[in-house]
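Notes follow once the structure below has been shown.
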Amino acid sequence: GEDVEQSLFLSVREGDSSVINCTYTDSSSTYLYWYKQEPGAGLQLLTYIFSNMDMKQDQRLTVLLNKKDKHLSLRIADTQTGDSAIYFCAEMEAAGNKLTFGGGTRVLVKP
Amino acid sequence: DAGVTQSPTHLIKTRGQQVTLRCSPKSGHDTVSWYQQALGQGPQFIFQYYEEEERQRGNFPDRFSGHQFPNYSSELNVNALWLGDSALYLCASSVPGQGVNTEAFFGQGTRLTVV
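Respectively, the protein sequence lines represent chains W and D.
Mapping the first sequence onto the numbering used here, position 76 (from 1) lands on 85, and the numbers just tick up by one.
Mapping the second sequence onto the numbering used here, position 56 (from 1) lands on 722, and the numbers just tick up by one.
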């Protein structure tokens, strides 16, 4: 079955880099995603990576995928106070219909 | 482009009542999925609609049902509400590309409170 796990909390100083980690179990996942959720809001798609890629960079965001270890990470460079939010990783099943989410990592950026 | 819109934004219902939540997908999107997000947890897949039919369903009881209209908008209905149904209900729309919904865009959600 599918299972996605994330650490619960990350504290980082403004201007430093943040790294959020995620592990998943479904080896047939096609795409892996990172979403951001601010208080009282829906989910904002940040970036995604195809399962046959190792890395994807998009401005301040870098996604690394280790398919052998089923480990996904999101690095945010030059973290800002506006980056404080809950970050969810999610995997798309092979059939392409359903996202399975982790429990979310709460990121707190301190000035 | 208005993106994915959901209504209402907040709702309070009593145990045993029924509720209908609505979703309009992003322009050009024909697939709608519904998720339930309990407080402090990640979203859980309820079901997905495509071409007005339920294509896949998650581990939710039959009290949860849905509908998709010819304009691709969708409704989520929950009967016989329990306290445990209190959650943020999220709608996501996507465009199937060769069988894979590459990008799913979410609405702001409907916060349902059952008392």
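Heads up, the beta-carbon is just placed ideally off N, CA and C, and yes, glycines get one too.
This structure is a prediction, so every number in the text was calculated from the model and none was measured.
Contact with chain W is absent for residue 677 (chain D), since none of that chain's Cβ atoms lies less than 9 Å from the residue's Cβ. Here the stretch 77 to 96 of chain W makes contact with the stretch 24 to 31 of chain W; the two share three or more CB pairs at distances below 8 Å. Per the coordinates, the alpha-carbon of residue 726 (chain D) lies some 22 Å from the alpha-carbon of residue 760 (chain D). Counting along the chain, no beta strand (DSSP E) covers residue 695 (chain D), and no H or E run does either. Across the set W:117, W:83 and W:116, the C-alpha of W:83 shows the shortest separation from the C-alpha of residue 41 (chain W). No residue range can be given for residue 79 (chain W), since it is assigned to no beta strand (DSSP E) and is classified by DSSP as neither H nor E.
Listed along chain W are 106, each with a C-beta nearer than 7 Å to that of residue 721 (chain D). In the structure shown, the three-state DSSP call for residue 92 (chain W) is helix. In terms of beta-carbon proximity, residue 18 (chain W) stays away from the interface with chain D, with every pair separated by 9 Å or more. Identification of residues in the stretch 54 to 66 of chain W having a C-beta nearer than 8 Å to some C-beta of chain D yields 54 and 57, given in sequence order.
Taking C-beta atoms as the reference points, residue 738 (chain D) and residue 698 (chain D) count as a pair closer than 9 Å.
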